[in-house]
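Number of protein chains: 2
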Amino acid sequence: MTESRSVEEEENMAFQRVVNAFLQYELQQTQWLKGKQNMFRLGPKELDRLCGEGEKSGVSLVVSHLQSIKQRINTNQQFLNTVTLPYEDLFPNQTKIDPQVTNAPTKITAYHDEMEKVKSTLRQIAREWSSYGAPERDQCFLPLLNELKERYPTPESRSGIRVLNPGGGLGRLAWEIARMGFVSQGNEFSFYMLITSNAILNKSKEQDGTTIYPWLHSFCNLLKSEDQLKGCSFPDELPSLPPGSDFSMSAGDFLEVYTEPNTWDCVVTSFFIDTAHNVIDYIECINNILVPGGVWINIGPLLYHWAEMPGEQSVELTFEQIVNVIKSFGMQIQEEKSKTYECIYNSNPNSMMNLVYSAEFFVAVKPKL
Amino acid sequence: MTESRSVEEEENMAFQRVVNAFLQYELQQTQWLKGKQNMFRLGPKELDRLCGEGEKSGVSLVVSHLQSIKQRINTNQQFLNTVTLPYEDLFPNQTKIDPQVTNAPTKITAYHDEMEKVKSTLRQIAREWSSYGAPERDQCFLPLLNELKERYPTPESRSGIRVLNPGGGLGRLAWEIARMGFVSQGNEFSFYMLITSNAILNKSKEQDGTTIYPWLHSFCNLLKSEDQLKGCSFPDELPSLPPGSDFSMSAGDFLEVYTEPNTWDCVVTSFFIDTAHNVIDYIECINNILVPGGVWINIGPLLYHWAEMPGEQSVELTFEQIVNVIKSFGMQIQEEKSKTYECIYNSNPNSMMNLVYSAEFFVAVKPKL
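Line order of the protein sequences matches chains A and B. The first sequence lines up with residues 1 to 369 when you count with our numbering. The second sequence lines up with residues 1 to 369 when you count with our numbering.
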């Protein structure tokens with residue numbers, strides 16, 4: 001290692017760690033599952049208590065459940081391999097992990113939080129691109145899409161309207177906007193999201209053609225064992241678009257990519273502003289890139305992602321302060337549009353526990369010249 | 001340190017750590033608050049954006065907000081000192097922490113998770129003993145209390161009915177049961193809860209006579225700054241009972257304390273069974289201590305507390321498996337009583353984020369001889 005790496009080298013390393021984490025999923029989850037065989041510390045009598053009358057023995061019930069999880073971990077890995085496939089040759093020096101040999105030596109061990117991101121990427125697919133996610137999407141995407149519809153009621157006029165969606169995740173919202181006829185661009189920072197959205201947007205051949213298992217990774221808050229094993233097919237809609245559509249995804253830090261003033265007619269954000277180190281910078285950037293008369297439509301809570309992270313700047317404003325900051329840039333909040341929506345985020349639809357957000361929706365308008 | 005400590009020594013040390021964490025609250029929270037002055041990394045222009053029109057400057061707004069938090073941390077410490085007061089002389093060798101000198105040297109530094117427990121104890125007071133907690137209590141205590149009422153409709157008959165509430169927390173549920181006329185005992189394992197419930201149950205002189213600030217500790221998901229500063233007075237009802245009442249709290253591990261068969265008419269549990277290393281042991285114990293014909297009334301989710309804790313046994317059953325285990329002990333589930341209740345747990349009532357549980361309610365009856 002040299003003392004100071006170039007930005008490009010740093011980015012390369014970060015990207016390599018992400019690809020590596022995707023490839024180590026099965027290895028690590030199989031190890032985790034072995035730990036779960038703790039359950040077998042139960043005696044045969046206790047195991048038999050787990051099953052209802054007339055069923056097979058508790059031992060075979062547990063064995064077959066763990067076996068089912070193991071198979072599904074393998075299926076998830078097959079999908080994750082297709083996601084990372086285009087990038088494997090980028091790192092010739094990395095020991096290739098053979099997904100068939102689960103205890104193959106690896107050069108880099110994925111950290112716990114990296115593996116958590118792989119697992120949350122699987123859940124994000126369910127949220128954005130499966131029919132399971134439809135209720136969640138309706139809660140937070142519909143208010144945004146309806147606002148666009150109301151503001152630009154004539155579909156023919158939309159091909160001249162440029163809409164940006166920072167924090168674009170797996171691209172579903174930006175794609176929905178493109179489908180309505182707008183010029184639409186999603187922007188995303190996370191490599192986990194970027195390589196996965198690339199696979200979904202560009203390689204999906206068949207509606208619901210791929211199945212993954214996003215809810216394998218927790219034994220908690222389950223009503224039934226089968227809830228943990230549920231498969232999730234995607235994409236619920238093929239991400240193709242009519243000819244002449246203008247849809248793109250951009251990679252990188254929102255603040256660095258979007259510096260050109262007066263370029264976007266609309267900025268649409270969902271569960272995004274609290275990913276900032278300093279939300280004031282985001283607001284300043286949004287105000288800057290909007291054309292005069294342009295609108296910012298937002299929905300989301302204020303779960304600041306950098307709060308309590310040692311050494312990281314984290315400016316945690318209240319919603320009231322955010323409204324003040326927006327106004328201080330000269331933007332007008334359309335108060336009559338402001339509303340609070342209850343939104344669930346990235347849940348197992350059958351879980352006995354859910355995070356429920358009171359997401360604030362608002363529309364802010366940059367004054368005309 | 002000797003090579004092997006007696007159980008008593010171990011318990012003593014654990015207890016000392018808890019008292020120590022209570023006493024270090026102000027010291028650690030003040031340090032945390034200093035870190036939050038990160039906010040001041042904002043320039044004066046940015047700070048001024050935080051306030052609305054006609055208000056004072058952003059700098060003075062932030063300064064006075066942080067000052068208000070600091071004062072309230074001190075008030076919380078005053079209360080925590082009264083909680084630990086009876087136990088301070090138990091540890092003559094420990095350096096006494098002077099709450100007035102926030103950077104006084106301390107012998108033991110409280111761990112992060114210990115401090116989290118002190119903060120969650122403050123929130124638990126709001127949940128169990130303040131009017132803020134009434135909606136949460138109604139969600140999960142009322143179904144239990146109503147079931148008791150329905151089963152024992154004549155108040156006069158209740159003085160002969162022995163009701164046990166394991167996982168008793170700060171004693172509110174057990175006290176409510178005692179107030180209805182039952183013989184009532186709460187059992188609790190956590191020293192954090194035990195010393196705090198002792199203070200509330202035995203030293204409260206005046207309704208709403210003490211005020212603490214349970215929601216100081218997060219800047220996230222706030223609508224207004226004042227939501228973070230809200231005070232919470234307690235107890236909303238004086239925990240006195242009419243003469244002749246039979247109410248007690250017991251300390252210790254449920255499985256170790258309750259081994260005498262056929263001794264309780266009712267076991268009432270709320271958000272308890274998922275605190276087990278092995279929930280089958282809890283069910284076996286409950287079945288054992290109930291008199292023939294006795295009932296177990298339960299409400300709660302399955303957020304197993306020991307899941308994913310390295311080296312700890314954690315048997316994570318689904319709700320369906322739990323029902324099977326209960327039946328396997330010969331108990332009958334009264335299916336028509338089973339119901340799912342939406343319950344919030346220990347939230348800031350104004351937070352933009354809430355954990356919502358689908359808590360399963362059921363009644364299980366031990367057969368008569």
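By construction, the Cβ of each residue, glycine as well, lies at the ideal position given by its N, Cα and C atoms.
Interface criterion not met: the Cβ of P143 (chain B) is under 7 Å from no Cβ in chain A. R49 (chain A) has a beta carbon lying within less than 7 Å of a beta carbon in chain B. V267 (chain A) and F182 (chain A) have their C-alpha atoms spaced approximately 12 Å apart.
For N278 (chain B), the beta-bridge partners assigned by DSSP are B:V315. Residue range 172-179 is occupied by the alpha helix (DSSP H) that includes W175 (chain B). With a cutoff of 7 Å on beta-carbon distance, V291 (chain A) and D274 (chain A) are scored as not near each other. Nearest neighbour of W175 (chain A) by Cα position, chosen from A:S248, A:E260, A:R49, turns out to be A:S248. Counting only residues of its own chain and dropping the five nearest sequence neighbours on each side, V365 (chain B) has a CB closer than 6 Å to the CB of V295, Q332. S159 (chain A) and Q207 (chain A) have their C-alpha atoms roughly 26 Å apart. In the assembly as shown, V163 (chain A) is a buried residue. Its beta-carbon has 16 or more other beta-carbons within 10 Å. Ranked by how close their Cα comes to the Cα of I212 (chain A), the residues A:V118, A:L303, A:F141, A:Y304 have A:V118 in first place.
Residue environment: T154 (chain A) is assigned as exposed (fewer than 16 neighbouring CB atoms within 10 Å of its CB, all protein chains considered).
When secondary structure is reduced to three states using DSSP, E46 (chain B) falls in the helix class. E53 (chain B) is not a Cβ neighbour of I297 (chain B), given a cutoff of 7 Å.
Closest option to V19 (chain B), judged by alpha-carbon separation, among B:H65, B:Q37, B:Y87, B:L66: B:Y87. Taken through DSSP and simplified to helix, strand or coil, C51 (chain B) comes out as coil. If you check the CB distance, E128 (chain A) and R179 (chain A) do not come in under 7 Å. I326 (chain B) carries a helical assignment under DSSP once its states are collapsed to helix, strand and coil. Below the 7 Å Cβ cutoff, chain B contributes L302, L303, Y304, A307, E316 as neighbours of C220 (chain A), in chain order.
Chain A has no Cβ within less than 7 Å of the Cβ of Q332 (chain B). Look at I69 (chain B): its C-beta is not under 7 Å from any C-beta on chain A. For the region 163-237 of chain B, the continuous beta strand (DSSP E) assignments of 3+ residues that do not extend past its boundaries occur at 183-188, 210-212, 232-234, in sequence order. G35 (chain B) and H277 (chain A) have their C-alpha atoms roughly 15 Å apart. No Cβ of chain A is located within less than 7 Å of the beta carbon of M115 (chain B). The beta carbon of V59 (chain A) sits closer than 7 Å to the beta carbons of P44, L47 from its chain, once the five residues preceding and following it are set aside; these are given in chain order. L223 (chain B) and Y345 (chain B) have their C-alpha atoms roughly 20 Å apart. Interface criterion met: the Cβ of K224 (chain A) is under 7 Å from a Cβ in chain B.
DSSP places G160 (chain A) in the helix class (H, G or I) of the three-state scheme. Interface criterion not met: the Cβ of F40 (chain A) is under 7 Å from no Cβ in chain B. A straight line joining the alpha-carbon of S328 (chain A) with that of L33 (chain A) spans about 53 Å. Contact between N221 (chain A) and M352 (chain A) holds, with the beta-carbon distance rounding to 4 Å and staying under 8 Å.
Within the region 355-367 of chain B, those residues whose Cβ lies closer than 9 Å to any Cβ of chain A are, in chain order, L355, V356, Y357, S358, A359, E360. Taking C-alpha positions only, I161 (chain B) is separated from L85 (chain B) by approximately 35 Å. Any Cβ of chain B closer than 7 Å to the Cβ of G43 (chain A) would place that residue at the interface, and such an atom is absent.
If you draw a 10 Å sphere on the C-beta of S157 (chain B), you find fewer than 16 other C-beta atoms in it, and that means exposed.
The C-alpha of N187 (chain B) lies about 38 Å from the C-alpha of S64 (chain A).
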